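Here this note's numbering runs 8 ahead of the position in the sequence shown, where the first position is 1.
Structure record follows, encoded as structure tokens.
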Amino acid sequence: MDGDPTATARIVTTFDPDGLTSAQRYGDACVVCHKKWPRPRVRVGRLPDDTAVLACDDCAEALTPPTGLCPFPGRRRAAYS
Ligand SMILES: [Zn+2]
Numbered sequence: 009m010d011g012d013p014t015a016t017a018r019i020v021t022t023f024d025p026d027g028l029t030s031a032q033r034y035g036d037a038c039v040v041c042h043k044k045w046p047r048p049r050v051r052v053g054r055l056p057d058d059t060a061v062l063a064c065d066d067c068a069e070a071l072t073p074p075t076g077l078c079p080f081p082g083r084r085r086a087a088y089s
């Protein structure tokens, strides 16, 4: 199964869905602060079933401290890839 266009971010944090609300699991609320508006749009991780976990801009910034490895805010790339 090669050529998946969504597989650019290969290293992502996996969140435990038990600790999330249904809104967070469906990407309707920020995974950190539960804010629903503006809608979270930064993918900060995934669930075990590969559903994207989203955070708002502010929280995504806090979750992904600048490391100098990646020029794109919100698209984290781990050093151990
Ligand atoms: Zn947030």
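All C-beta atoms, glycine included, are put in the ideal place defined by N, C-alpha and C.
Since the model is a prediction, treat every value here as computed from it, not as a measurement.
Which of the three DSSP states, helix, strand or coil, is assigned to residue i?
{"i": "Ala17", "result": "Here the model assigns Ala17 a pLDDT of 48, short of 50, so the residue's position is not dependable and the matter cannot be decided."}
{"i": "Arg33", "result": "helix"}
{"i": "Gly27", "result": "helix"}
{"i": "Leu71", "result": "helix"}
Kindly examine ligand 1 and report whether one of its heavy atoms sits closer than 6 Å to the Cβ of residue i.
{"i": "Lys43", "result": "yes"}
{"i": "Ala63", "result": "yes"}
{"i": "Val40", "result": "yes"}
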